[in-house]
Structures are given as C-alpha cells and as structure tokens.
Amino acid sequence: MITNFQNADPELFLASLSPKDIVDSLTLNDVKNFLESLGVDQIVMNEEKEYLICPTICHNPIHEAESMKLYWYHNHKIFRCYTECNETMSIFELYRRYMSINEYPIDLEEAETYVRQFVAHAVLAAPRQREKEINLSQYKYDLNIPAPKVYNENALDCGIIYHHPAWLHDGIKPEVMNEFNIRFSIAQNKMLIPHYNINGQLIGIRGRAFEEDELEQGRKYSPVQIGNTLYTHPLQFNLYGIDKHKEGIEKRRSAIIVEAEKSVMIDHGFYGEYANTVACCGSTFNKYQINLLTNFCGASEIIIALDKEYEDWRTEKARKYRRKIEEACKKYRYQASFSYIWDYDNVLKEKDSPFDRGQEIFEYLYKNRVKVR
Ligand SMILES: [Zn+2]
Numbered sequence: 000m001i002t003n004f005q006n007a008d009p010e011l012f013l014a015s016l017s018p019k020d021i022v023d024s025l026t027l028n029d030v031k032n033f034l035e036s037l038g039v040d041q042i043v044m045n046e047e048k049e050y051l052i053c054p055t056i057c058h059n060p061i062h063e064a065e066s067m068k069l070y071w072y073h074n075h076k077i078f079r080c081y082t083e084c085n086e087t088m089s090i091f092e093l094y095r096r097y098m099s100i101n102e103y104p105i106d107l108e109e110a111e112t113y114v115r116q117f118v119a120h121a122v123l124a125a126p127r128q129r130e131k132e133i134n135l136s137q138y139k140y141d142l143n144i145p146a147p148k149v150y151n152e153n154a155l156d157c158g159i160i161y162h163h164p165a166w167l168h169d170g171i172k173p174e175v176m177n178e179f180n181i182r183f184s185i186a187q188n189k190m191l192i193p194h195y196n197i198n199g200q201l202i203g204i205r206g207r208a209f210e211e212d213e214l215e216q217g218r219k220y221s222p223v224q225i226g227n228t229l230y231t232h233p234l235q236f237n238l239y240g241i242d243k244h245k246e247g248i249e250k251r252r253s254a255i256i257v258e259a260e261k262s263v264m265i266d267h268g269f270y271g272e273y274a275n276t277v278a279c280c281g282s283t284f285n286k287y288q289i290n291l292l293t294n295f296c297g298a299s300e301i302i303i304a305l306d307k308e309y310e311d312w313r314t315e316k317a318r319k320y321r322r323k324i325e326e327a328c329k330k331y332r333y334q335a336s337f338s339y340i341w342d343y344d345n346v347l348k349e350k351d352s353p354f355d356r357g358q359e360i361f362e363y364l365y366k367n368r369v370k371v372r
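Numbering that gives the first Met the number 0 puts the first residue of the sequence shown at 0, with every later residue one more than the last.
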C-alpha cells in the first residue's frame, strides 16, 4: 500500500513502490507524460471517459507507428492494441516492447524502474536533490528527469584505442575519436561508444558492430555487454554529445539535433569548441531533450538535422516526412525558434546525415535551412 512518507524522502518512497503500486498510482496524465517521453507526439486523451489513444508503438518502430489503434484504459490500467498484437499489455510490457523494437532490449525490471518515475505526485519533490549535481543552473530548472544510473569509467578499459578505418573513411578525425573516448573491443569486434550525461558521467555504452551475423540480425548499433553488465540507458533522457558541446551551444545560443553519434563527432572535427551538435539516437526528440538544450545550455534556436529519408523532396514521401518534422518542432515553439535542414538541391544521398558529405555541403545546407513558423 502507498504510505505518506513521500514528502520526507521521495526517492525512498519511489523505491518502496511495488509494480502494482506503481500501476495503481498512475494518473491519466502520468501515462501521457510517459508516452511523450518515448517520443509519441499524437495522443488523444478523453479525460471524461478515462481513456487515451496513441499510435501502435507496441509493434512498430516509433517513426513508423501511425495507426491510432493502441488504447490505454484508465479504470483497468491496461493498454490494448487493436491491430497486430490484438492483446492487452501492462505499461511495463509496452515499454519493454517499445525498447526492443527500437533496438534497446531491456528486461521487465528495467521497465519497472523507468515507469516508476512517472508516478507524478511522488516525483514532484525529487528534482531538488539533482539541482546540486548539475552546475549549470543559471538556467531555470524544470526538468523532471530521473537520474540515470552512472557506471564506472573502468568498463572502457576492455577496449583499445584504435581508429577504425570505417570511421576514418566517414570523416571522423582520430583526435576526435580520442576526445570522445571511443574504444575498440577486439573480443567483440565492435567500436565502443560511451554515452555521458551533461555532467560528463558515464551512463551507457553503445556498440557499433562489425561482425557479419550481428549486422544481419539488425544489431549494427546496440548496448554493449561487458562482463555481466549490459551498459544500457534510456536514450530519450539524454542527448549524445551534450557533455562535450554544451559550451558550444552556450556560445552560439543554438543547438543542432542529429540522429547518430557519428554526426556529432564529424561536427566536432569541423568546429571544435564551437561545435553545437547533439544526437537523439533515433529520429524523434522529446520535451526532456528540448529542455536540456534550452534550460541548461541556453539554446534559443534549435536546428533539426535528421537523416535524409527521401530521394527527391517533391515526392509525397518527402512531404509527409517534412510535415512530421514541422509538427514536432511546433510543439516546442514557445521554448525556442526552430529550423530544419532540407535538401532541395539533392546534394545528399538518401539516408545520409547532413554531415556525411563534408563541411562545405553541410554549410550550404545550414545556410539554406528552413525556418518553422
Ligand atoms: Zn500492437
């Protein structure tokens, strides 16, 4: 049963909640916040009848989920998918499936830890303690982000310093790989990419695989296991590169959001201390990430530089993609001005990041970016 000591020590209180307590304590708004944190931007909420409808993220990767067939029934506290899954699932199970589809497999216990943070009344008092950790608080603090687990740096010692030819070929400079603490695991044949939070603490390690069978299984990028530990972390509560580029963002008052770690490192090679690119490690961004840029790093403009998901900008596919980017930006227009990179002149190939074709092409695209009004 839920007791009343949350005022005394919210963290202790949170830790004391059983999975059933967590589900019982969720409000409809908590569930909405939970979905938004996953990057879901279309949510229909019926407060009177106590249900909520969202795209089927239970069986589609987030950027492909469009059909509004996933329901949350608040009196039963359960999700139900009316298409492919055709079954009910708990909020934990939904999160587990979501993570696995988006290439971040976790177990149910980790899912519980994640959902636990959305029990709003309990979390309300929690941020105070975190404010001390983050030493950038001339900016208003209103992030309700749970502190991710911090790992020991020694984990990286299993990898050697090696500048993989594939990455050199892609334009990442050796000194930049060193600066981002990139290692290579001979045993696993993969690049180790440490992820740090804004304070420079290690919160996860992703691997870039080179083994044929891993590539065939679609595991080109996935969390790394070293010993018994899987170095996983909730990607949506961080931005890759924020620790290295917070000063560049502050100086330029702007930040660029890209999809992949590689683009962050290429940008660093271009602009050094003025580099201001961070990666959302997916194709969506959410309010936590926007808050991180505006409230902590002082960005007043945010430039969306996602991969080119179209061959020609005049096609219906491109138009649809463009609408999606604009709508995502408009949600946060009161926090910053937004613009996005758009390839009118076909200087990029399909699937390219705007950083993939060299500095000159990037600067051309950057100058011609489209403002969101
Ligand atoms: Zn489903």
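Where is the CB? At the ideal position from N, CA and C, for every residue including glycine.
For residue i, which residues from the same chain have a beta carbon less than 6 Å from its beta carbon, with the 5 sequence-adjacent residues on both sides left out?
| i | result |
| --- | --- |
| residue 100 | 60 |
| residue 325 | 371 |
| residue 331 | 289 |
| residue 96 | 57 |
| residue 52 | 43, 67 and 70 |
| residue 127 | Because residue 127 sits at a pLDDT of 39, beneath the cut-off of 50, its placement in the model cannot be relied upon, and the following sentence gives the value as read from the coordinates. Excluding positions up to five away in sequence, the list is empty. |
| residue 33 | 117 |
| residue 25 | none |
For residue i, count neighbouring Cβ atoms within 10 angstroms of its own Cβ and tell me buried if that reaches 16, exposed if not.
| i | result |
| --- | --- |
| residue 23 | exposed |
| residue 203 | buried |
| residue 186 | exposed |
| residue 329 | exposed |
| residue 282 | buried |
| residue 343 | exposed |
| residue 224 | exposed |
| residue 153 | exposed |
| residue 293 | buried |
| residue 257 | buried |
| residue 109 | buried |
| residue 43 | exposed |
| residue 182 | buried |
| residue 240 | buried |
| residue 122 | Note that residue 122 scores a pLDDT of 47, beneath 50, so its modelled location is shaky and nothing firm can be said. |
| residue 316 | exposed |
| residue 322 | exposed |
| residue 112 | buried |
Which residue from the options puts its Cα closest to that of residue i?
| i | options | result |
| --- | --- | --- |
| residue 301 | 40, 222, 345 and 275 | 275 |
| residue 270 | 65, 96, 362 and 56 | 362 |
| residue 194 | 214, 171 and 151 | 151 |
| residue 373 | 296, 293 and 280 | The requested residue 373 does not occur in the structure, where the chain is confined to residues 0 to 372. |
| residue 286 | 333, 340 and 107 | 333 |
| residue 68 | 80, 75, 33 and 76 | 80 |
| residue 31 | 18, 78 and 229 | 78 |
| residue 335 | 197, 104, 255 and 241 | 255 |
| residue 196 | 64, 319, 296 and 227 | 296 |
Measuring straight from C-alpha to C-alpha, what distance separates residue i and residue j?
| i | j | result |
| --- | --- | --- |
| residue 364 | residue 89 | 44 Å |
| residue 312 | residue 62 | 19 Å |
| residue 310 | residue 262 | 20 Å |
| residue 161 | residue 37 | 34 Å |
| residue 253 | residue 366 | 14 Å |
| residue 266 | residue 235 | 21 Å |
| residue 208 | residue 291 | 29 Å |
| residue 238 | residue 200 | 13 Å |
| residue 347 | residue 219 | 22 Å |
| residue 18 | residue 35 | 21 Å |
| residue 171 | residue 351 | 15 Å |
| residue 243 | residue 27 | 37 Å |
| residue 214 | residue 85 | 30 Å |
| residue 149 | residue 345 | 42 Å |
| residue 87 | residue 75 | 10 Å |
| residue 129 | residue 211 | For residue 129, the predicted structure reports a pLDDT of 38, less than 50, and the residue's modelled location is therefore unreliable. The matter cannot be settled from this model. |
| residue 360 | residue 304 | 13 Å |
| residue 163 | residue 272 | 24 Å |
| residue 107 | residue 358 | 44 Å |
| residue 318 | residue 227 | 46 Å |
| residue 83 | residue 221 | 25 Å |
| residue 92 | residue 157 | 33 Å |
| residue 356 | residue 173 | 18 Å |
With a CB to CB cut of under 7 Å and the five nearest residues on each side skipped, what residues in its chain are close to residue i?
| i | result |
| --- | --- |
| residue 115 | 13, 16 and 21 |
| residue 369 | 338, 339 and 341 |
| residue 349 | 307, 309 and 310 |
| residue 54 | 39, 41, 64, 65, 66, 67 and 69 |
| residue 49 | 27, 73 and 74 |
So, at 8 Å on beta carbons, what are the nonlocal neighbours of residue i in its own chain, with the 5 sequence-adjacent residues on each side left out?
| i | result |
| --- | --- |
| residue 165 | 209 |
Does the CB of residue i have a neighbour CB from chain C at under 8 Å?
| i | result |
| --- | --- |
| residue 286 | The structure shown contains no chain C; it is built from a single protein chain. |
Next on the checklist: Report the start-end ranges of each beta strand (DSSP E) in the segment 12-58 that is 3 residues or longer and not cut off at the edges.
Outcome noted: Segments of the beta strand (DSSP E) lying fully in the segment 12-58: 43-45 and 50-53.
Checklist entry - Going along the chain, which unbroken runs of the alpha helix (DSSP H) with 4 or more residues stay wholly within the segment 277-319? => result Counting whole runs of 4 or more residues, the segment 277-319 contains the alpha helix (DSSP H) stretches 286-290.
Checklist entry - Taking the runs of the alpha helix (DSSP H) that are 4 residues or longer, which of them lie wholly in the segment 234-262? => result Look at the segment 234-262 and you find these whole runs of alpha helix (DSSP H), each 4 residues long or longer: 241-251.
Item to check | Length-filtered (4 minimum) alpha helix (DSSP H) runs lying within the segment 196-238 | outcome: For the segment 196-238, the continuous alpha helix (DSSP H) assignments of 4+ residues that do not extend past its boundaries occur at 211-215, in sequence order.
Item to check | Heavy atoms of ligand 3 versus C-beta positions, residues under 7 Å | outcome: Annotation note on ligand 3: not contained in the displayed structure, which lists ligand 1 as its ligands.
Item to check | Minimum length 4: unbroken alpha helix (DSSP H) runs contained in the segment 138-195 | outcome: Look at the segment 138-195 and you find these whole runs of alpha helix (DSSP H), each 4 residues long or longer: 164-168 and 173-178.
Next on the checklist: Give the list of continuous beta strand (DSSP E) stretches no shorter than 3 residues that lie fully inside the segment 72-98.
Outcome noted: Correct list: 77-80 and 86-88.
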